[in-house]
Structure formats: structure tokens, C-alpha cells
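> Take a look at the following structure, please.
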Amino acid sequence: MNIARFLWNNRIQWGIVEGDEVRAIQDNLYEGAQAGTRLCALSDVRLLAPIDVQTNKVSAIA
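Residue numbers (the numbering used here): 70 to 131.
Rendered as C-alpha cells:
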């Protein structure tokens with residue numbers, strides 16, 4: 070599973086990349102995130118660094 074932080078429709082958000090699609094995250098990002106509804110094509114987003122701007126920490130899930 071590839072989790073990405075991205076800019077789409079002037080909003081920064083997190084999603085799950087599946088092939089050439091970006092899907093919404095169901096539930097909590099840090100507690101078993103599951104792919105939800107399709108948001109857009111991967112080519113429609115600008116990928117961003119996985120940084121939580123509120124804490125200035127890099128988000129990493131192993």
C-alpha cells in the first residue's frame with residue numbers, strides 16, 4: 070500500500086495510491102487505513118513530502 074500526501078483541488082490531503090488512481094483514506098491514517106472511494110487520477114495531483122505541518126515531523130508507517 071502506498072500512502073501519499075498530495076495537493077488536489079487546492080487542498081492538501083492524504084490518500085492511498087493504487088495504480089494510476091488516488092483513493093480516499095477510510096478511518097484513521099495511523100490506525101489501519103483502508104482505501105475508500107476514488108478521488109482522482111494520480112496525474113491530477115501534486116505529490117508532497119510526507120510532513121505533518123502541525124508538528125513538523127515526517128510521517129512514516131512501517
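The beta carbon of each residue, even a glycine, is placed where N, CA and C say it ideally should be. From a predicted model like this one, the values you see are computed outputs, not experimental measurements.
Please name the residue, chosen from G88, N79, T106, that lies closest to N71 on a Cα-to-Cα basis.
Against the sequence shown, residue 71 aligns to sequence position 2. It is G88 whose Cα lies nearest to the Cα of N71.
> Take Q82 and list the residues in its own chain whose beta-carbon comes closer than 7 Å to its own, dropping the five residues that flank it on each side.
Position 13 of the sequence shown, counting from 1, holds the residue named residue 82. Result list for Q82: F75, in chain order.
> Using the Cβ count rule (16 or more neighbours within 10 Å means buried), how would you classify I85?
To locate residue 85, count along the sequence shown from 1; it is residue 16. Per the 10 Å Cβ criterion, buried.
> Buried or exposed for L108, please, with buried defined as at least 16 other CB atoms from any protein chain shown within 10 angstroms of its CB.
Position 39 of the sequence shown, counting from 1, holds the residue named residue 108. For L108, the number of other beta carbons within 10 angstroms of its own is at least 16, and it is reported as buried.
> Is the beta carbon of L116 less than 8 Å from the beta carbon of E90?
The residue you call residue 116 lines up with position 47 of the sequence shown. The residue you call residue 90 lines up with position 21 of the sequence shown. No, the Cβ-Cβ distance between L116 and E90 is not below 8 Å.
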